[in-house]
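S.K.: Shown below is the structure under consideration.
Numbering (our numbering), first residue to last: 23 to 288.
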């Protein structure tokens, strides 16, 4: 499809405007992390590395980072196991209600976070009767992290088909041998990409976390929210926000590179 010169110009201008709206606030946060002002006045009166030093020396911030990493890692591990099993079941077998189950698997990531948070809060506190803790946050994160693994794995299964698995079975290999030597190598990059996306999604989640975390659980996003309006904490929060953006970008970038490399090889 060819576009006229006017259409290309309009499309280019609209694209630049959208990118500015999305990334200009992030640039402002980055600049404010070096500002000498404690109230984040604009333009910054000067620049300093003081806030970066304080942020990396903050016990509360470091503990929040550790909590977020633990939650993200455990939620990602659960998502890898369950997401892979569900994908294999829905793609390799035909049974009644398969489409409905597929919809229910994807639904948690499509629902507003506040709805998911309220539902899980009621489930843990009222129906199950367990206190909110770091493990309730892990379970809550796993409910929507499964979707990223599920989407990556089932897309790969649809492209690869069953020819190699059937050939392996014809040669006498059992189910586990076929999975280890045939199925898993084909899914390896999809699993890694799904895990990276799940980790990023869990690491910076705040809405569901707010409703499912106990009083002693503070993840990095919650730490930022709690300290954002405290006196002299705004620059430190800006530093933490920049670190959070970087940590979120890296796994997403790696997942995109993995998907791109796989498509190129194909």
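Beta carbons are placed, not taken as given, at the ideal position from N, Cα and C, and that holds for glycine.
In this text the structure is predicted, and so the values were computed from the model without any measurement.
#1: Give the straight-line distance between the Cα atoms of residue 229 and residue 235, rounded to the nearest whole angstrom.
#2: Keeping to the same chain, check which residues put their C-beta closer than 8 Å to that of residue 102; ignore five residues upstream and five downstream.
#3: Which residues in the same chain as residue 274 place their Cβ atom closer than 6 Å to its Cβ, once the five residues preceding and following it in sequence are excluded?
#4: Report yes if the C-beta distance between residue 80 and residue 260 is below 8 Å; otherwise report no.
#5: Does the Cβ of residue 97 have 16 or more other Cβ atoms within 10 Å, making it buried, or fewer, making it exposed?
#6: Whose CA, out of 204, 35, 87 and 47, lies closest to the CA of residue 187?
#7: Start and end of the alpha helix (DSSP H) containing residue 107?
#8: Taking only runs of the beta strand (DSSP E) that begin and end inside the region 163–222, which ones reach a length of at least 3 residues, in chain order?
#9: How many angstroms separate the CA atom of residue 183 from the CA atom of residue 44?
#10: Apply the 10 Å Cβ neighbour rule to residue 139 and answer buried if 16 or more other Cβ atoms are within range, or exposed otherwise.
#11: Can you check DSSP and say which residues form a bridge with residue 69?
#12: I want to know whether the region 160–175 touches the region 128–138 - three or more CB-CB distances under 8 Å.
#13: Suppose you measure from the CA of residue 146 to the CA of residue 104; what does that come to, to the nearest Å?
#14: Which one of 136, 224 and 49 has the shortest CA to CA distance from residue 159?
#15: State yes or no: is the C-beta of residue 164 within less than 8 Å of the C-beta of residue 142?
#16: CB residue 109 to CB residue 241, shorter than 8 Å?
#17: Between which residues of its own chain and residue 190 is the CB-CB distance below 8 Å, once the five residues before and five after are set aside?
#18: Quick check on residue 268: does DSSP put it in helix, strand or coil?
#19: Just how far apart, CA to CA, sit residue 279 and residue 272?
M.R.: Let me lay it out:
#1: Your numbering for residue 229 matches position 207 in the chain shown. Your numbering for residue 235 matches position 213 in the chain shown. When rounded, the distance between both Cα atoms is 10 Å.
#2: Translated into positions along the chain shown, residue 102 becomes position 80. Scanning its chain for C-beta atoms nearer than 8 Å, with the 5 sequence neighbours on each side dropped, one finds around residue 102 the residues 171, 213, 216, 217 and 220, in chain order.
#3: Here residue 274 is taken as the residue at index 252 of the chain shown, counted from 1. The residues are 222.
#4: Locating residue 80 in the chain shown gives position 58, where the first residue counts as 1. Locating residue 260 in the chain shown gives position 238, where the first residue counts as 1. No, the Cβ-Cβ distance between residue 80 and residue 260 is not below 8 Å.
#5: Position 75 of the chain shown, counted from the first residue, corresponds to residue 97. Buried is the call here.
#6: In the chain shown, residue 187 corresponds to position 165, counting from 1. Ranking the options by Cα distance to residue 187, first place goes to 204.
#7: Counted from its first residue, the chain shown places residue 107 at position 85. Residues 81–114.
#8: Listed in chain order, nothing qualifies, since the region 163–222 has no complete beta strand (DSSP E) run of 3 or more residues.
#9: The residue labelled residue 183 in the question sits at position 161 within the chain shown. The residue labelled residue 44 in the question sits at position 22 within the chain shown. In this structure, the straight-line span from the alpha carbon of residue 183 to that of residue 44 is close to 39 Å.
#10: Numbered from its first residue, the chain shown carries residue 139 at position 117. Counting Cβ neighbours within 10 Å, residue 139 comes out buried, since at least 16 surround it.
#11: As a first step, residue 69 is located in the chain shown; it is residue number 47 there, counting from the start. Residue 69 is bridged to 57.
#12: Taking one beta carbon from each stretch, the region 160–175 and the region 128–138 have 3 or more pairs nearer than 8 Å; the two touch.
#13: Reading the chain shown from its first residue, position 124 is the one you call residue 146. Reading the chain shown from its first residue, position 82 is the one you call residue 104. C-alpha separation (whole angstroms): 20 Å.
#14: The count along the chain shown starts at 1 and reaches residue 159 at position 137. If we check each option's Cα against that of residue 159, 224 comes out closest.
#15: Here the question's residue 164 lines up with position 142 in the chain shown. Here the question's residue 142 lines up with position 120 in the chain shown. No, the pair does not count as a contact, with Cβ atoms beyond the cut-off.
#16: Locating residue 109 in the chain shown gives position 87, where the first residue counts as 1. Locating residue 241 in the chain shown gives position 219, where the first residue counts as 1. No, these two residues do not count as a Cβ contact at 8 Å.
#17: Position 168 of the chain shown, counting from 1, holds the residue named residue 190. Cβ neighbours of residue 190 beyond the five flanking positions: 199, 200, 203 and 204.
#18: As a working mapping, residue 268 is identified with position 246 in the chain shown. Of the three classes helix, strand and coil, the one that applies to residue 268 here is helix, per DSSP.
#19: By 1-based counting over the chain shown, the position of residue 279 is 257. By 1-based counting over the chain shown, the position of residue 272 is 250. Taking the straight line from one Cα to the other gives about 11 Å.
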